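First to last, the protein sequences are chains A and B. Note that our numbering has the first sequence beginning at 3, numbered continuously upward. Note that our numbering has the second sequence beginning at 196, numbered continuously upward.
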Amino acid sequence: MTTPRVAYALALGDDALVLAQRLGEWVARAPELEEDVALANIALDLLGQARTLLRYAGDLEGAGRDEDALAYWRDDRDFRNALLVELPNGDFAVTMARQLVFAAYQYELYDRLRASSDDTLAAVAGKAVKEVHYHRDHATQWVLRLGDGTDESRRRMVAGLATVWPYADELFQPDDATAALVADGVAVDPPTLREPWTSYVEGVLAEAGLELPEAAAPRSGGRRGLHTEHLGFLLAEMQHLHRSHPGATW
Amino acid sequence: MPEAYRKTLIRQIAQHAHSEIIGMQPEGNWISRAPSLRRKAILLAKVQDEAGHGLYLYAAAETLGVSRDQLLEQLHTRKQKYSSIFNYPTLTWADVGAIGWLVDGAAITNQVPLTRCSYGPYARAMVRICKEESFHQRQGFEALLTLTRGTPAQKAMAQDALDRWWYPSLAMFGPPDTGEQVSGGHTEQSMRWGIKRFSNDELRQRFVDMTVPQSEVLGLTIPDPDLRWNAERGHYDFTPPDYDELFRVIKGDGPCNAQRLAHRVAAHTDGAWVREAAAAYAAKRRAETEAA
Ligand SMILES: [Fe+2]
Ligand SMILES: [Fe+2]
Chain A
3 MTTPRVAYAL ALGDDALVLA QRLGEWVARA PELEEDVALA NIALDLLGQA RTLLRYAGDL
63 EGAGRDEDAL AYWRDDRDFR NALLVELPNG DFAVTMARQL VFAAYQYELY DRLRASSDDT
123 LAAVAGKAVK EVHYHRDHAT QWVLRLGDGT DESRRRMVAG LATVWPYADE LFQPDDATAA
183 LVADGVAVDP PTLREPWTSY VEGVLAEAGL ELPEAAAPRS GGRRGLHTEH LGFLLAEMQH
243 LHRSHPGATW
Chain B
196 MPEAYRKTLI RQIAQHAHSE IIGMQPEGNW ISRAPSLRRK AILLAKVQDE AGHGLYLYAA
256 AETLGVSRDQ LLEQLHTRKQ KYSSIFNYPT LTWADVGAIG WLVDGAAITN QVPLTRCSYG
316 PYARAMVRIC KEESFHQRQG FEALLTLTRG TPAQKAMAQD ALDRWWYPSL AMFGPPDTGE
376 QVSGGHTEQS MRWGIKRFSN DELRQRFVDM TVPQSEVLGL TIPDPDLRWN AERGHYDFTP
436 PDYDELFRVI KGDGPCNAQR LAHRVAAHTD GAWVREAAAA YAAKRRAETE AA
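Written out as C-alpha cells, the structure is:
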C-alpha cells in the first residue's frame with residue numbers, strides 16, 4: 003500500500019536515481035578527466051542513496067517490489083522526483099547550476115533527516131549527508147570558477163542559473179504525503195529548508211560576483227507525477243533492456 | 196636517461212593512457228541502460244576507475260617531461276595510437292561482461308610484467324592499475340556467468356559477445372614478434388631496455404591458457420574449431436587472430452575508429468571554455484595572493 007512513508011521514500015529515492023542517470027551521461031564527455039572521475043563519483047553516491055531508499059520503499063509497501071521493480075517497472079506518471087533533476091544536462095554550466103541548487107537542498111535535507119524518528123531514514127541521511135557535503139562543495143567550486151573565470155564562462159553560468167532557477171521552488175513546496183509525516187518527526191518539512199538553502203546559495207553567487215537570477219514562474223508537478231517531456235525519454239533508455247527480458251536475473 | 200629510451204617510454208605510456216580513456220566509451224555506452232541498479236553501479240565504478248588509470252598514466256608520462264595536454268593533442272591528431280580493441284562496438288549488454296572478462300583479462304596479462312619494468316613511476320602506476328583491472332576481470336566474468344545461467348536469450352547474448360570479442364582480444368597482444376615483424380617493430384629494443392619483458396606471442400599464449408578453462412566454467416564455446424590442449428607443449432593450440440585485420444584497424448579502418456576519436460575530440464573541444472575558465476580563475480586568485 004502506498005502510505006505517506008512509502009511516497010516519501012520514493013520521492014527522495016527518485017530524486018537521487020534520476021539525477022544519477024543524468025550525471026552518468028557526462029562520463030567520457032566531461033571537460034577534463036578529473037571531472038569524468040568526479041561526476042561518476044557523485045552519480046555513484048546518488049545511485050547508492052537511491053537503491054537504499056527504493057529498497058526501503060519496497061519493503062514498507064510490502065507488495066514484493068525490490069529496487070529494480072521500482073526503478074524499471076514504474077512509468078513516468080508514477081515517478082515522484084522533482085522536475086529539476088530530470089532536466090537535460092545542457093552545457094557544463096547548466097549541470098553545475100543544477101548541482102549547486104540540488105546539492106545545497108539535499109545537504110540541508112539530510113542534515114535534518116538524521117534526526118528522523120524513522121531509523122532507516124535517519125541512517126540513510128547520516129551516510130548521505132557526508133557525500134552530499136562533497137557534492138555541494140564540488141558544485142560551489144565550479145560556480146565560483148565559471149562565474150569569475152572568463153567572459154564566456156560567466157555568460158554561460160548566468161544562463162545556466164536562469165535555466166534551472168524556476169525549478170528550485172518545487173524542492174521547498176509542502177506536499178500532502180510529507181505533511182502527514184512531519185508531525186511524527188519522520189520527514190523534514192520542505193518549506194523549512196528554504197531559508198538555509200537561500201542563504202548558502204546566495205553566499206556562493208555573491209562570492210562568484212553573480213546576481214540572483216530574476217524571479218520566474220516556478221515549475222512543479224514532479225511530486226505528483228506530472229513531469230516534463232524529458233523524463234519519458236530518460237526512462238525509456240534506462241528501462242528498455244530490463245523490460246525486454248521480464249523475470250530475468252542480471 | 197638516453198633519449199631513445201625516454202621517447203620509447205613516452206610512446207608506450209601515452210598509448211596506454213589513451214587506451215584507458217578511449218576505453219571509457221564502449222563501456223560508458225551501457226551506463227544509462229544497465230539492466231539492474233547493481234550492475235549500473237558496478238559499471239559506473241569501473242568506467243570511473245578507467246578514467247583514474249588515465250590520470251595516473253598521464254602523470255607518469257609527466258615525469259618524463261611531457262604534459263597531458265601535449266599527449267592529448269597527439270591522440271586527437273592521430274599521431275599516437277590507443278589499443279585497437281576499443282574500435283569495436285558494444286552492441287549488447289553481454290559485451291560489457293565480455294570486455295571485463297577478456298579485454299581487462301588481456302590487459303592484466305600484458306601489464307602484470309610491467310609492474311617490474313625498468314622505469315619506477317610507470318612500474319608503480321602499473322601496480323595500482325593491475326589491482327583494479329583484476330577486479331574488473333572478475334566482475335566481467337561474474338556478469339557473464341549470470342547471463343549463462345539465465346534465460347536462453349541471455350545465454351545466447353553471452354555466446355554472441357564471446358564470438359565477436361575473442362579474436363580482437365587475441366589481437367590485443369600485437370603482431371607476432373618473429374621474422375619480419377621484429378625488424379619493423381620495437382620488441383627487441385624494448386626488451387633490452389626492460390620496458391617489455393615477454394614477447395607478444397608468449398603473452399598471447401598465457402592469456403589463452405588462462406581463459407580457456409574459464410570459458411568452460413561459463414559453458415561458452417570459444418569460436419575456434421582448432422582450439423585444443425597440446426600435452427606435449429603444455430599449452431593450448433589455437434588459431435591466431437587475423438593480423439591483416441589488426442593492421443587495418445590500427446591504421447584507422449576499424450568499425451568505430453572515427454566515432455571514438457570524434458567523440459573524444461568533441462568532449463575536449465566542448466570543454467575548452469571550462470578549462471579556460473578554471474585557468475583564468477586560478478590566475479586571478481594567484482594575482483590576489485601576490486598583491487596581498
Ligand atoms: Fe584500466
Ligand atoms: Fe579495467
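All C-beta atoms in this analysis are idealised placements derived from N, C-alpha and C, irrespective of residue type, glycine included. Predicted model only: the values in this text are computed from it and were never measured.
Reference residue i, options the options, closest by Cα
i               : options                        : result
G224 of chain A : A:A84, A:H242, A:G187, A:T152  : A:A84
A217 of chain A : A:P248, A:D47, A:P168, A:E172  : A:P168
E37 of chain A  : A:F94, A:G227, A:A161, A:Q23   : A:F94
I294 of chain B : B:K479, B:I280, B:K350         : B:I280
Y202 of chain A : A:M3, A:A65, A:L102            : A:L102
T54 of chain A  : A:G15, A:G149, A:E63, A:L35    : A:G15
R138 of chain A : A:Y10, A:I44, A:L195, A:H242   : A:I44
R359 of chain B : B:S214, B:D372, B:D290         : B:D290
Q241 of chain A : A:N91, A:R76, A:V96, A:D153    : A:R76
H430 of chain B : B:A199, B:L239, B:F402, B:A351 : B:F402
L398 of chain B : B:T272, B:T484, B:L309         : B:L309
A467 of chain B : A:L207, A:H244, A:S155         : A:S155
E440 of chain B : B:Y283, B:A199, B:P197, B:M405 : B:Y283
P363 of chain B : B:V444, B:D404, B:W388, B:G315 : B:V444
F235 of chain A : A:G128, A:P90, A:R196, A:A11   : A:P90
G249 of chain B : B:R201, B:D448, B:M196, B:E327 : B:E327
CB contact flag (residue i, residue j, <8 Å)
i               : j               : result
G300 of chain B : Q332 of chain B : yes
R147 of chain A : Y438 of chain B : no
V188 of chain A : D113 of chain A : no
S329 of chain B : I390 of chain B : no
I205 of chain B : Y251 of chain B : no
P33 of chain A  : A179 of chain A : no
L266 of chain B : A212 of chain B : yes
A236 of chain B : L46 of chain A  : yes
V8 of chain A   : A59 of chain A  : yes
D150 of chain A : K479 of chain B : yes
G50 of chain A  : I226 of chain B : no
L35 of chain A  : A246 of chain B : yes
D70 of chain A  : H244 of chain A : yes
is_contact[residue i, chain B] using C-beta, thresh 8 Å
i               : result
V166 of chain A : no
W252 of chain A : yes
Q175 of chain A : no
T230 of chain A : no
L243 of chain A : yes
L258 of chain A : The structure shown has nothing for residue 258 of chain A, since chain A only spans 3 to 252.
R31 of chain A  : yes
C-beta neighbour in chain A for residue i, strict 8 Å
i               : result
K350 of chain B : no
S227 of chain B : yes
T343 of chain B : no
K479 of chain B : yes
E483 of chain B : no
V469 of chain B : yes
G223 of chain B : yes
G466 of chain B : yes
I216 of chain B : yes
T382 of chain B : no
R453 of chain B : Correcting the residue type first, residue 453 of chain B is Ala in the shown sequence and not Arg. No, A453 of chain B lies away from the interface with chain A (no Cβ there is under 8 Å from its Cβ).
A209 of chain B : no
M219 of chain B : yes
A356 of chain B : no
A475 of chain B : yes
T346 of chain B : yes
A353 of chain B : no
A486 of chain B : no
A472 of chain B : yes
Beta-carbon separation (whole angstroms), residue i vs residue j, contact threshold 8 Å
i               : j               : result
V87 of chain A  : V20 of chain A  : 5 Å
G223 of chain B : V29 of chain A  : 5 Å
H458 of chain B : Q275 of chain B : Rounded, the Cβ-Cβ distance is 17 Å, inconsistent with contact.
F174 of chain A : P198 of chain A : So it is not a contact: roughly 11 Å between Cβ atoms.
V131 of chain A : R116 of chain A : 6 Å
L339 of chain B : A353 of chain B : 5 Å
I303 of chain B : L357 of chain B : Between L357 of chain B and I303 of chain B the Cβ distance is about 18 Å, and since that is not below 8 Å, they are no contact.
>> Along the stretch 272 to 296 of chain B, where does the CB come closer than 8 Å to a CB of chain A? Name the residues.
In response: W288
> Listed in chain order, which residues of the stretch 230 to 261 of chain B have Cβ atoms closer than 8 Å to some Cβ of chain A?
Replying inline: P230, S231, L232, R233, R234, K235, A236, L239, A240, V242, Q243, A246, G247, G249, L250, Y253
> Relative to chain B, which residues along the stretch 53 to 83 of chain A have a C-beta separation below 7 Å, given in chain order?
Replying inline: Sequence-ordered contacts of the stretch 53 to 83 of chain A with chain B read R53, E69, D70, A73 [C-beta pairs closer than 7 Å].
> What are the residues of the stretch 3 to 17 of chain A that lie near chain B, defined by any Cβ-Cβ distance shorter than 9 Å?
Replying inline: none
> If contact means a Cβ-Cβ distance below 7 Å, which residues of the stretch 91 to 102 of chain A contact chain B?
Replying inline: F94
>> Which residues of the stretch 306 to 324 of chain B have a Cβ closer than 8 Å to any Cβ of chain A? Give them in chain order.
In response: Listed by position along the chain: nothing, the set is empty.
>> Which residues of the stretch 198 to 211 of chain A have a Cβ closer than 9 Å to any Cβ of chain B? Give them in chain order.
In response: Taking 9 Å as the Cβ-Cβ cut-off against chain B, none of the residues of the stretch 198 to 211 of chain A qualify.
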